[in-house]
Amino acid sequence: MNIKQPPRLRDEAQSGNPSVGIAYCPKCHSAYEKKSWKHAIVKARKLLYGPAKKNGNIKSVLCPACRMAEEHLFEGEIIITNVPSEFLSDLRHLILRFAENAKRRSPLHRLLKMERVGTGLRITTTENQLAGRLAKKIVESFKHHVTLNVVFSREPYEKEFVRLAFAQKGGVGQLDS
Ligand SMILES: [Zn+2]
Numbered sequence: 001m002n003i004k005q006p007p008r009l010r011d012e013a014q015s016g017n018p019s020v021g022i023a024y025c026p027k028c029h030s031a032y033e034k035k036s037w038k039h040a041i042v043k044a045r046k047l048l049y050g051p052a053k054k055n056g057n058i059k060s061v062l063c064p065a066c067r068m069a070e071e072h073l074f075e076g077e078i079i080i081t082n083v084p085s086e087f088l089s090d091l092r093h094l095i096l097r098f099a100e101n102a103k104r105r106s107p108l109h110r111l112l113k114m115e116r117v118g119t120g121l122r123i124t125t126t127e128n129q130l131a132g133r134l135a136k137k138i139v140e141s142f143k144h145h146v147t148l149n150v151v152f153s154r155e156p157y158e159k160e161f162v163r164l165a166f167a168q169k170g171g172v173g174q175l176d177s
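For the sequence shown, position 131 (counting from the first letter as 1) is numbered 131 according to this note's numbering, and the numbering increases by one without interruption.
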C-alpha cells in the first residue's frame with residue numbers, strides 16, 4: 001500500500017523539485033526558483049511574462065504551503081485553553097500579526113487555521129518551528145497577567161504540538177505589547 005507522505009516544507013524548499021526549474025503557485029502567486037519559494041507577485045509576474053515563459057520553462061505548481069492547506073495537513077499545532085474572554089481579542093490579534101510577519105518573511109510560513117475550541121483556540125501552521133515561535137510570543141505577551149502552562153512536544157513525525165493553558169493570577173491586566 002502506498003502511504004502518502006505529507007509535504008515537508010524545508011526539504012521541499014531546500015532540495016527543490018528536480019522536475020521543475022521555475023514554477024509558479026496559481027493559488028498564492030509565490031514563485032519557485034533557484035530551489036526556493038519566494039514571495040512574489042512581482043517576481044511571479046516577471047517569471048510568467050519574462051524569458052522563462054517564452055521558453056516554456058515555467059510550470060504551474062501548488063506550493064507546499066498551499067498544498068498543505070488543501071490537504072488539511074500541518075506541521076505545527078498550538079492549542080490554547082482556558083482563555084479569559086477579555087484576552088481573546090488581543091490574543092487573536094497577536095496571532096494574526098505574528099502570522100502576517102512570518103508570511104512576509106517567507107511565503108511558506110503560514111498560519112493555516114485559527115479556530116475557536118471551547119474556551120480557547122486551536123491554531124495550525126505550515127511549519128513546526130513557527131508554532132514554537134508563536135507560542136513563545138504568546139507567553140511573552142501574556143506572562144504578567146496569566147500563568148501559562150506550556151507543553152512542547154516534538155513527537156511524532158517532527159510535528160510541533162504546543163499546549164498553552166491560561167490560568168488567571170487574580171487581577172486582570174492589560175496585554176503587554
Ligand atoms: Zn501557494
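Even glycine gets a Cβ: it sits at the ideal position worked out from N, Cα and C. Please read these numbers as outputs of a predicted model, since none were measured by experiment.
> Using a Cβ-Cβ cut-off of 8 Å (strictly less than) and excluding sequence neighbours within five positions of Asn82, which residues of its own chain qualify?
Replying inline: If you number the sequence shown from 1, residue 82 lands on position 82. So the qualifying residues of the chain are Thr119, Gly120, Ala165, Phe166, Ala167.
> Beta carbon of Arg105, beta carbon of Glu115: below 7 Å?
Replying inline: Residue 105 sits at position 105 when you count from the first residue of the sequence shown. Residue 115 sits at position 115 when you count from the first residue of the sequence shown. Glu115 sits away from Arg105, with the two beta carbons spaced by 7 Å or more.
> Going along the chain, which residues of its own chain have a beta-carbon closer than 6 Å to the beta-carbon of Arg92, five neighbours each way excluded?
Replying inline: Walking along the sequence shown from the start, residue 92 turns up at place 92. Hits under 6 Å: none found.
> Three or more beta-carbon pairs under 8 Å between the stretch 26 to 38 and the stretch 63 to 80, yes or no?
Replying inline: Segments in contact, yes.
>> Taking 7 Å as the threshold (C-beta atoms), are Leu112 and Phe180 in contact?
In response: An answer regarding residue 180 cannot be provided, because it is not within the stretch 1 to 177 covered by the chain.
> Can the beta-carbon of Ile95 be found less than 7 Å from the beta-carbon of Val162?
Replying inline: Numbered from 1 along the sequence shown, position 95 holds the residue referred to as residue 95. Numbered from 1 along the sequence shown, position 162 holds the residue referred to as residue 162. It is not a contact, given that the beta carbons lie outside the stated cut-off.
>> Below 8 Å on the Cβ atoms is my contact criterion, and I expect Thr126 with His109 to pass it. Report the Cβ-Cβ distance as a whole number of Å.
In response: Start at 1 with the first residue of the sequence shown, and residue 126 comes out as number 126. Start at 1 with the first residue of the sequence shown, and residue 109 comes out as number 109. Rounded, the Cβ-Cβ distance is 6 Å, consistent with contact.
>> Here's a check: name, in chain order, each residue in its chain whose Cβ is nearer than 8 Å to the Cβ of Val150, leaving out the five neighbours to either side.
In response: If you number the sequence shown from 1, residue 150 lands on position 150. Cβ neighbours of Val150 beyond the five flanking positions: Ala135, Val139, Val162, Arg163, Leu164.
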